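Have a look at the structure below before the remarks.
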Amino acid sequence: MLTLVAADILTETQSRTTHQNLKNALEVANAHQLTKFLIVSDPLHMKRAVLMARGLGMDAHSCPTPTTRYRSFHSQMEFLSRETYFCFVYLVFKI
Numbered sequence: 093m094l095t096l097v098a099a100d101i102l103t104e105t106q107s108r109t110t111h112q113n114l115k116n117a118l119e120v121a122n123a124h125q126l127t128k129f130l131i132v133s134d135p136l137h138m139k140r141a142v143l144m145a146r147g148l149g150m151d152a153h154s155c156p157t158p159t160t161r162y163r164s165f166h167s168q169m170e171f172l173s174r175e176t177y178f179c180f181v182y183l184v185f186k187i
C-alpha cells in the first residue's frame, strides 16, 4: 500500500487557465523528474483537462471529484455547455 504525505503533493499557484495550470504543472514535474500525472477536477471538466494534458505530452490519468460545485441541473448544463464549447475550440485550434 502506498502512503502519501503532504510533502508528496506538488502544486503550482501561478496559473489562471486550465492550459496554464497544466503547462506549469509539467514544469514542476520536470524539475522533480516526475513523469506521470493524476488530473483531479470536476467531473464535468475532466474530459477537456485530460485532453489538454495529453496534448502537452503528459502521461495523464483522470480522477474526477465525487461531487461538483454545480448543484442545480441548470448550473450543471450551463457549465457542461461551456466545457463542450471550450473542448471544441481546443480541438480545432489546439490552444
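Counting from 1 along the sequence shown, just add 92 to a position and that's the residue number in the numbering used here.
Even for Gly, the Cβ is constructed at its ideal location relative to N, Cα and C.
Owing to the predicted nature of the structure, the values given are computational and were not obtained by experimental measurement.
Would you mind giving the Cβ-Cβ distance between residue i and residue j, rounded to the nearest angstrom? I have them listed as a contact below 8 Å.
| i | j | result |
| --- | --- | --- |
| Asp134 | Arg161 | 7 Å |
| Ala141 | Ile131 | 5 Å |
| Met144 | Tyr177 | No, Met144 and Tyr177 are not in contact; Cβ-Cβ is about 14 Å, not under 8 Å. |
For the ligand FMN, any of its heavy atoms closer than 7 Å to the Cβ of residue i?
| i | result |
| --- | --- |
| Ser173 | No copy of the ligand FMN appears in this structure; indeed no ligand is present at all. |
How about residue i and residue j: do their beta carbons lie closer than 8 Å?
| i | j | result |
| --- | --- | --- |
| Ala152 | Phe180 | no |
| Lys186 | Gly147 | yes |
| Leu94 | Leu136 | no |
Can you give me the Cβ contacts of residue i inside the same chain, cut-off strictly under 8 Å, excluding the 5 residues immediately before and after it?
| i | result |
| --- | --- |
| Asn113 | Glu104 and Ser107 |
| Glu175 | Leu136, His137, Lys139 and Arg140 |
Cutting at 7 Å between CB atoms, please list the residues of its own chain near residue i, excluding the five before and the five after it.
| i | result |
| --- | --- |
| Leu118 | Leu148 and Met150 |
| Ser154 | Ile131, Met138 and Val142 |
Please list, in chain order, all residues of the same chain as residue i whose beta carbon is under 6 Å from its beta carbon, the five residues on each side excluded.
| i | result |
| --- | --- |
| Leu197 | The shown model of the chain, from 93 to 187, leaves out residue 197, and the question about it has no answer. |
**Study point:** Minimum length 4: unbroken alpha helix (DSSP H) runs contained in the region 94-174
**Key:** 110-123 and 138-147
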